[in-house]
Each structure stands twice: as C-alpha cells, then as structure tokens.
Amino acid sequence: MVAPSTPPHLSLTLRVWRQAGPSQPGRFVDYAAPGLSPDMSFLELLDVVNDGLTTKGEEPIAFAHDCREGICGTCSCTINGKPHGPGQGVATCQIYLRAFRDGDTIVVEPFRARAFPVVKDLVTDRAAFDKIQQAGGFITARAGSAPDANAAPVPKPAADLAMDAAACIGCGACVAACKNASAMLFVAAKVSHLGLLPQGQPERDKRVLAMVGTMDALGFGNCTNQYECSAACPKLISHDFIARLNRDYLAATVRSAFQPAPAGTGGGAG
Amino acid sequence: MATLDPKIPSGPLADKWRKHKADIRLVNPANKRKYEIIVVGAGLAGASAASTLADLGYKVKNFVFHDSPRRAHSIAAQGGINAAKNYQNDGDSVHRLFYDTLKGGDYRAREANVHRLAEVSVNIIDQCVAQGVPFAREYGGLLANRSFGGAQVSRTFYARGQTGQQLLLGAYSALSRVVGAGLVELHTQSEMLDLVIVGGQAKGIIVRDLVTGEIGRHAADAVILATGGYGNVFNLSTYARGSNATAIWRAYKRGACLANPCYTQIHPTCIPVSGDYQSKLTLMSESLRNDGRIWAPRKKEDGRKNPNDIPEADRDYFLERIYPGFGNLCPRDVASRAAKRMCDEGRGVGPTGLGVYLDFSDAIKRLGEAGVRERYGNLFDIYHEITAESAYQTPMRIFPAVHYTMGGLWVDYNLMSNIPGLFVLGEANFSDHGANRLGASALMQGLADGYFIIPYTIGDYLAGQKPGSRPSADAPEFKAAEDHVSGMTARLLGIKGRQPVSHFHKRLGKIMWEHCGMARTKAGLAQALREIPALREEFWAGVNVPGSADTLNQSLEQAGRVADFIELGELLCLDALTREESCGGHFREEHQHPDGECKRDDAGFAHVAAWEFQGAGRTPLRNIEPLNYEFVKMSVRNYK
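Those protein sequence lines, which keep their order, are chains A and B.
Residue numbering for the first sequence follows this note's numbering, starting at 1 and increasing by one per position.
Residue numbering for the second sequence follows this note's numbering, starting at 1 and increasing by one per position.
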C-alpha cells in the first residue's frame with residue numbers, strides 16, 4: 001500500500017518549546033529536519049523528528065494529537081505565533097509542509113492561557129472546557145423519555161445556524177488566540193447551538209448563567225471584541241455568536257432578578 | 001473451554017426483545033445506588049451507557065485515555081446514522097432495516113441481535129433530537145434523510161458531514177450533565193491496562209494515569225468495555241492514532257473470547273497513500289457515493305493522464321456496470337474489492353497506480369457547484385487540504401483503506417461476554433454486523449447499545465449480585481493484576497533497544513495489509529503467521545522506549561499498544577486462515593465465484609469463531625457458536 005513518495009525537497013528547522021512538567025521552566029530547542037516531502041503533514045514532521053530523537057536515545061517531544069483529520073480537537077500547537085498555524089479554518093493536524101518554504105525556521109509552542117496549564121512540552125490541560133460544559137452545556141433529556149423526532153419542527157435556517165455553532169471542536173484555539181485568554185467564543189458556540197433549538201428553551205437561562213459563571217471562575221478573561229478567536233478557529237465559528245451570548249446572558253440575568261424563585265420541587269404526593 | 005450460550009430469547013423474531021425486557025430481572029431504585037459500574041471509553045457507546053446508567057441511579061466511574069470524553073473517535077464519523085423511521089414514505093420498515101443489515105453482513109450475524117438493533121434505531125433519533133443534535137432538515141422544519149450503501153431506501157439521518165461529531169457531542173453533553181451532578185466520576189487520561197477477575201467474575205480494572213504514571217486499582221460490581229475497534233493493527237487506517245485494542249486484548253488474555261477477528265472492513269473511498277511517513281488515512285464519506293460516480297480508465301495507458309482529458313467512451317463506471325441494481329451504492333466490501341480489481345488489472349490512477357476516480361462532474365451539472373458544496377463542501381475542503389487538488393475541477397482519487405472491525409469480544413444477547421460481569425458495547429463487541437457493516441450503522445449500534453440495551457440487560461446481572469458484595473481493591477487479585485501491569489511497564493522501559501515503537505507498528509501494518517487485507521490466501525496467511533512471531537521477538541528485544549514511568553510518556557503508551565497489536569494481528573491471521581470461505585470483509589481468494597464475488601460455505605462456516613486464550617506461546621482455542629437462521633433464508637448476496 002505504501003507508495004513511492006514525492007521527491008523530498010524541503011529542509012526546515014523546528015524551534016520547539018520543551019518543558020518537562022507543569023512546574024519546571026521551559027525553553028526553546030532547535031531541531032533540524034532535512035529531506036521532507038511537501039505532502040507530509042505537520043504532525044508527521046513531529047513524528048519523524050521524534051523517531052530521530054528516540055533513535056539517538058533522547059526523549060521525544062510530547063504533543064497532543066489523535067484523529068489527524070481536524071475533528072477531535074486534540075491537537076493544539078501554536079505555530080509561528082498562530083494557534084493551529086498558517087492555515088485558515090484548519091487544525092494543527094491539517095497543516096501540510098507545502099505551507100512552508102525550504103529553509104524556514106518554524107516556532108512551535110503549546111496553546112498559552114492561564115486556564116490551560118502546560119502538562120509537558122506542547123501538551124496543555126484543557127479540562128476547564130469540560131467543567132464549563134458540565135455546568136450547563138446540555139439539554140436534560142433522559143434516554144427513553146423523548147417524543148417523536150419530528151414532533152417539534154425546527155425551521156431550516158435555525159437548524160443550519162445551530163449546526164454552524166455546534167461545529168466547535170473544543171480545541172481551545174480561541175482562548176490561545178485571545179489576548180485576554182477569553183473562552184467567550186467556545187461558550188457562545190454551545191449557548192447558541194442549544195438556544196437556537198426549541199428543545200433548548202426550558203434550560204436556556206439557567207444554561208447561560210451557569211456556563212458564563214463557571215468560565216469566569218476558571219480564570220478565563222473577558223471579551224474585548226478583537227475577533228482573533230474567530231480568525232484562529234479551525235471551524236471558523238463566527239464571533240456573531242458572542243453577541244448572541246451577551247444578549248442571552250443579559251436577558252437571563254434580568255429575568256432571574258425579577259422572577260420569583262419557585263417554592264421548591266418534588267415531594268408531597270403519596 | 002468457554003461456555004458460549006448466546007441466550008437468545010425464544011418466540012417470534014419481532015417479539016423477542018419486548019418479551020426479554022419483560023422477563024429479565026430488575027434492580028429496585030434504592031438498591032441501584034449501591035452498585036458501582038465501571039465504563040471504559042466515552043465514544044458513542046461508552047458515553048451513552050455511562051450517562052444512562054447514572055440517570056437510572058447506578059454509581060458510575062468512566063475512564064478515558066483522552067484528555068476529554070469529547071475526543072473519542074466516534075467524533076470522526078462523517079456520513080450518518082440509519083433508522084427505520086420511514087419519514088420518506090419510501091417503503092422502509094424495521095424489518096427492512098433488519099434484513100438489509102443482516103444481508104449486508106453476509107449472513108454472519110445473529111438474527112435476534114440485528115432485529116433488536118433495527119427496532120431501537122427509531123428511539124435513537126428521538127433521543128438525539130431531544131438532546132439538541134442539529135440534524136439536517138427540510139424547509140418545512142422536518143428531518144431530512146439521504147441514501148447509503150446496501151439499501152434502496154433513504155433512511156440515513158445526518159448533520160452535514162459531521163454526523164458522528166454531533167451525535168458524540170450529544171452523548172458527551174448527557175455525560176457532562178451527570179458528571180456535573182456528581183453522578184459519574186470521570187477519569188480522563190486514564191488508560192485501562194488490565195481487567196481484574198475475582199471469583200470468575202469481572203470486578204475491576206487496573207488503570208494508568210497517563211499524566212502522573214500512577215497505577216490505580218478500581219473495583220466495581222460490573223465492568224463495561226466500550227473501547228472501539230482494533231483497525232490500527234494495520235497501522236495505516238482511518239482510525240485515530242490513539243485508537244487501540246489494549247482494553248479488549250487484556251480482557252482476552254484474562255479469558256474473554258475474541259470473536260471473528262478476521263472480519264475487518266476496508267472502506268472504498270479514502271484518500272490514497274502518498275508516502276512512507278504517512279500516519280493516517282483520511283476517509284471521504286460514503287455519502288459522496290450518492291452523487292459521485294466511481295470510474296477507472298478503460299485503457300491502462302490512461303492511468304497517468306489528466307482525467308479531464310479522458311473521453312467519456314474511455315471511462316469505465318465499473319460499479320454501475322457490474323452492479324446495475326445498486327450501482328455506486330453497493331456495500332463497502334463489494335466496492336472495495338471492485339476498485340482493487342481495477343488496480344490489479346493495471347487500470348489504477350494517480351502517481352502510484354493505486355487509486356480510482358470519484359467524479360462529481362455529473363452532479364455539478366445537475367445541482368450546480370453551489371448545490372454540491374452545500375451537500376459535501378466540508379469533504380471537498382478536506383480533500384483539498386490533503387492533496388492540494390480541487391474536486392470541483394478534477395475527480396477525486398480514492399483507494400480503499402481499513403476503516404472498521406466487525407469482530408470483537410464475544411457477547412451474548414445481553415451484551416455480556418463469557419466472563420460474567422464483563423459487558424462489551426459498540427465496535428468493541430462483535431455482535432451486530434456479521435462479516436461486513438453497512439454505512440451509517442456503526443453510530444446506530446453504538447448508541448443502541450448504550451442508550452437502550454445495556455440499561456436493561458445489566459440489571460439482570462446485577463440483580464444476581466448481592467448489594468455491597470463487590471470485592472475491595474485491596475483483594476489479592478487486584479494486587480496481582482497491578483504487579484502484572486507494573487512488570488510490563490518496567491520491561492518495556494528496560495529494553496533500551498535501537499528502534500522507535502513506530503518502526504514495529506509500520507512493519508506489522510505492512511504484513512497485515514499485504515497478507516490479511518482486501519484479499520487473503522492460505523499461503524499469504526501462513527507467511528504472515530511466520531513473520532508476526534518473528535516481529536514480536538524483535539520488538540521485545542529491540543524497541544527503544546525512552547523516558548520514565550512516572551510522567552507523561554507517549555512512547556510508553558504507544559509501546560504497550562503496539563505490543564498488543566502484534567499479538568492481536570497474529571490471532572487475526574489465524575482466524576482468517578481457519579475460516580476457509582469468503583464472506584463480507586473476509587475474502588479468501590481460494591473461495592470465490594467465477595465473477596470474483598464471495599463464496600460462502602454455509603455448511604462449514606455458518607458460525608461465530610470465538611477464540612479463547614490458552615496462555616502465552618500456546619495456540620488459542622477456537623470455540624464455535626452456531627448461527628441458526630430461523631426467520632431469514634441465507635442466500636447469496638446479490639447487488640446486481
């Protein structure tokens with residue numbers, strides 16, 4: 001199955017952030033990478049460099065990756081200062097060496113944000129995103145209790161817009177690209193996806209308040225409308241959703257201030 | 001010898017599941033919280049099971065090797081999910097979905113399991129819509145459908161080319177809700193490295209924390225594996241790089257039978273390999289075959305030509321020619337072998353000669369470029385990123401690649417393995433797809449198992465376990481398993497050989513692809529069975545795993561997984577050698593009809609082969625579960 005490759009004609013230097021652990025100091029280390037094919041992916045370049053390091057008895061560069069087709073959101077390198085590198089609307093794993101010129105030095109760092117501490121080398125801990133989801137990024141629907149799928153029609157434009165927002169892969173590039181390390185685009189995408197659908201209405205206010213509250217508590221910064229997030233997003237999710245998030249948040253805050261809290265739930269009967 | 005009782009309920013096919021649900025034992029709500037269930041994996045099957053079991057009141061621990069449950073490889077499924085809703089009014093029904101799936105699997109699956117799958121398919125769509133999965137819709141606001149291979153109705157629901165992502169994010173949101181509510185204890189970056197058996201029953205697992213290296217023991221009343229398939233035994237595949245067989249392989253080595261490992265699926269429409277550095281093959285969704293036409297040049301010398309310069313008369317639309325009934329939408333195994341035959345005849349295209357064309361020029365004439373972009377834009381973008389070619393202007397080049405494994409741990413009708421208390425869901429089990437899976441059926445099975453089957457069947461097992469009777473993690477069986485895991489880690493780190501792990505994985509992949517890929521022969525398999533043990537020896541003498549055990553060490557993770565793949569690859573070849581017939585994804589060149597189609601041997605092989613570990617260095621035992629077809633007549637698959 002393996003075919004003869006295109007003749008290699010690229011030589012690159014990788015300047016990679018090496019950091020042994022969260023509390024150890026990090027530094028840049030240069031690695032020469034000669035004889036590369038332009039059809040090689042950027043992560044395959046890291047594979048090749050790592051195999052070379054291993055053969056020399058050195059420890060390879062730790063980097064996060066999995067599906068290598070731009071959908072799992074695991075890969076997370078800042079390449080030449082841009083989260084996910086030089087492409088537009090692609091993740092790190094979808095960068096191919098044809099994006100670079102022979103002789104280039106490529107600077108590779110982890111996504112940097114206070115809420116994403118470095119674990120090792122290029123690997124960061126993005127568990128904060130899971131915590132935001134756990135606070136409210138869902139529609140409560142127990143298996144077995146759902147009505148027929150066509151019981152509630154959803155206008156196509158709303159479904160399409162919800163899908164645009166739902167395309168988020170949870171990589172964190174929006175946070176890494178933002179000078180405030182804000183997670184507003186990530187939160188806005190989930191709040192908009194669920195808030196645009198009829199199924200998402202009952203928990204709409206609770207959801208936005210809980211997700212924004214958790215986002216703030218986890219140390220993400222605020223939004224100052226620079227839109228770097230959308231530019232870095234591998235799914236090109238629009239910053240318009242942030243405006244939608246702000247509207248939802250404001251409305252929910254006002255409603256929650258004026259609505260009497262229910263007296264209590266459960267109990268009683270029987 | 002293992003006892004393999006499939007526990008198929010009696011009675012008419014369409015009543016079995018309903019009757020079974022009414023007959024099996026229940027656990028009362030107050031007792032449910034006294035049971036702890038371990039779920040390994042958080043793909044469609046694992047996340048749906050963990051969240052549903054937590055909602056029922058069980059205490060659940062969920063383990064994933066990823067940094068977040070949302071990264072499981074279900075996320076990469078593109079095309080869609082089947083369900084017998086018949087919203088299109090085109091003649092679909094539960095029976096037809098059942099029949100298509102059984103026939104698509106080349107009559108090597110259990111009737112009762114497949115029928116149940118078709119029955120609950122309709123509930124899955126309801127459940128996903130309720131969770132907010134943004135399926136494609138018509139202008140009236142109702143759900144849209146498209147066609148997929150192996151069916152003559154449109155029953156596939158989809159969310160652009162990201163259906164797996166949206167279904168997984170739905171299951172992940174359900175899981176997140178119960179994690180947030182404190183009902184599920186989530187352990188990310190935690191890899192299961194052994195199964196713990198106490199008193200003949202599965203009662204816990206040994207886990208390595210991938211960040212700290214710490215080895216942990218976890219006891220439970222039942223263990224669920226939902227850890228996916230083993231396609232990375234071929235090294236190059238459409239799987240994620242991290243997808244691995246370690247959980248199921250270690251369970252196998254503890255006595256769980258592995259069924260039909262030779263049933264592997266080669267997907268016809270993937271982007272061809274470009275070089276030996278390649279780490280991954282990328283799928284172009286089967287949905288593309290709705291509008292794309294597959295062809296190869298009639299003349300060998302046209303293989304290197306610009307396809308747009310090859311006149312219509314010199315193009316061979318070989319699927320439409322050979323299979324006029326299903327055309328470009330014939331099942332995956334059939335389409336893959338046809339493409340291989342074209343390349344074997346020297347009519348392959350592209351720089352390597354290993355490729356055929358998937359052409360959209362007719363669709364663009366019919367729908368306009370914008371229409372094609374709306375349906376498949378993201379797939380065309382992926383193709384462009386990888387190849388730097390525009391499929392709007394020139395046909396895609398595609399070639400088959402490993403995509404799915406129908407084989408897996410043996411389970412009964414309750415999805416329980418031959419080890420009591422060990423349940424296996426989704427791609428990790430073997431139960432529903434026979435020798436070939438139809439497109440858009442993997443998502444269906446994963447969610448069926450997690451949302452609608454295990455919540456019922458696990459209760460039947462737990463009702464027989466006294467509440468509070470689970471062993472302590474200090475029991476000697478846990479200590480022994482932990483020592484075993486630590487010993488293997490120390491051994492891998494101590495070899496200090498010359499070659500990185502990838503070297504051995506690539507070599508294994510080449511052996512597997514060459515001798516156990518799309519076409520298999522007795523001589524080739526025998527050759528593989530000589531080469532793989534030699535490779536295993538070389539691995540354990542010559543692999544270099546740098547670093548230490550007490551930190552994030554990706555080389556160490558990969559070394560353990562590849563060690564398991566080498567062993568599993570050997571069993572896969574042995575299974576393929578023993579199954580002297582062709583069926584679905586398992587094609588033995590010795591057993592074919594004159595036109596090159598699969599020649600099954602129903603008298604000799606209408607059974608499940610469930611392999612049982614007999615100790616290192618000893619030939620595993622081949623147990624048999626006969627497949628009794630009560631309701632459907634086994635016939636020769638015909639897509640012509």
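Even glycine gets a Cβ: it sits at the ideal position worked out from N, Cα and C.
This one's a predicted model, so the numbers in the text were calculated from it and none came from an experiment.
- DSSP, reduced to helix, strand and coil, places I511/B within a helical segment of the structure shown.
- Taking a C-beta distance under 7 Å as the contact criterion, A189/A and F241/A qualify as a contact pair.
- Around G569/B, the same chain offers V233, L508, M512, I532 as residues with beta carbons nearer than 6 Å, after the five sequence neighbours per side are excluded.
- Here the stretch 94 to 108 of chain A makes no contact with the stretch 193 to 211 of chain A; the two share fewer than three CB pairs at distances below 8 Å.
- Taking CB atoms only, D90/B has no neighbour in chain A less than 7 Å away.
- Taking 8 Å as the Cβ-Cβ cut-off, the stretch 76 to 87 of chain B approaches chain A at A76, K85, Y87, given in chain order.
- Using a Cβ-Cβ cut-off of 9 Å, K300/B is close to nothing in chain A; its nearest Cβ partner there is about 18 Å away.
- The alpha-carbon of A135/A is positioned some 33 Å away from that of A245/B.
- Residue state for Y277/B is assigned as coil, using DSSP reduced to three classes.
- Taking N180/A as reference, the option from R112/A, R244/A, P198/A, A146/A with the minimal CA-CA separation is R112/A.
- Residue pairing for T124/A: DSSP places it in a beta bridge opposite V118/A.
- Positions of the alpha helix (DSSP H) runs, each at least 4 residues long and wholly inside the stretch 84 to 115 of chain B, are given as 94 to 104 in order along the chain.
- At a C-beta separation below 7 Å, D30/A has no neighbours in chain B, since its nearest C-beta there lies roughly 19 Å away.
- P533/B carries a helical assignment under DSSP once its states are collapsed to helix, strand and coil.
- A direct Cα-to-Cα measurement between P626/B and F98/B gives close to 20 Å.
- Going by C-alpha positions, R247/A is about 17 Å away from A158/A.
- Neighbours of R160/B in chain A, taken as residues whose beta carbon is under 7 Å from its own, are M163 in chain order.
- Listed in chain order, the positions of the stretch 64 to 87 of chain A with a beta carbon within less than 9 Å of a beta carbon of chain B are A64, H65, D66, C67, R68, E69, G70, I71, C72, G73, T74, G87.
- A direct Cα-to-Cα measurement between S472/B and K466/B gives close to 14 Å.
- The beta carbons of A603/B and D106/B sit no closer together than 7 Å.
- When the five nearest sequence neighbours on each side are left out, the beta carbons in the same chain lying within less than 7 Å of the beta carbon of G11/B are those of K19, in order along the chain.
- At a cut-off of 7 Å between beta-carbon atoms, E385/B makes contact with chain A.
- Counting of Cβ neighbours within 10 angstroms places Q278/B among the buried residues, the total reaching 16 or more.
- Judged by DSSP secondary structure, I398/B falls within the beta strand (DSSP E) whose first and last residues are 396 to 405.
- Inter-segment contact for the stretch 493 to 507 of chain B and the stretch 571 to 581 of chain B is absent: fewer than three beta-carbon pairs are separated by less than 8 Å.
- Take the alpha-carbon of A363/B and the one of V207/B: they are about 51 Å apart.
- When the beta-carbon positions are compared, S441/B and P400/B stay at least 7 Å from each other.
- DSSP places D550/B in the coil class of the three-state scheme, outside both helix and strand.
- Short of 7 Å from the beta carbon of P546/B, and not among the five residues preceding or following it, lie these beta carbons of its own chain, in chain order: S555.
- Burial state of N429/B is buried, judged by a 10 Å Cβ sphere holding 16 or more other Cβ atoms.
- Chain A has no Cβ within less than 7 Å of the Cβ of S548/B.
- Interface criterion met: the Cβ of D126/B is under 7 Å from a Cβ in chain A.
- One Cα belongs to L10/A, the other to K82/A, and the distance between them is close to 22 Å.
- Between Q189/B and V223/B, the gap from beta carbon to beta carbon reaches 7 Å or more.
- By the beta-carbon neighbour count (other beta carbons within 10 angstroms, threshold 16), G346/B is exposed.
- Unbroken beta strand (DSSP E) stretches of 3 residues or longer found wholly inside the stretch 18 to 44 of chain B: 36 to 40, given in chain order.
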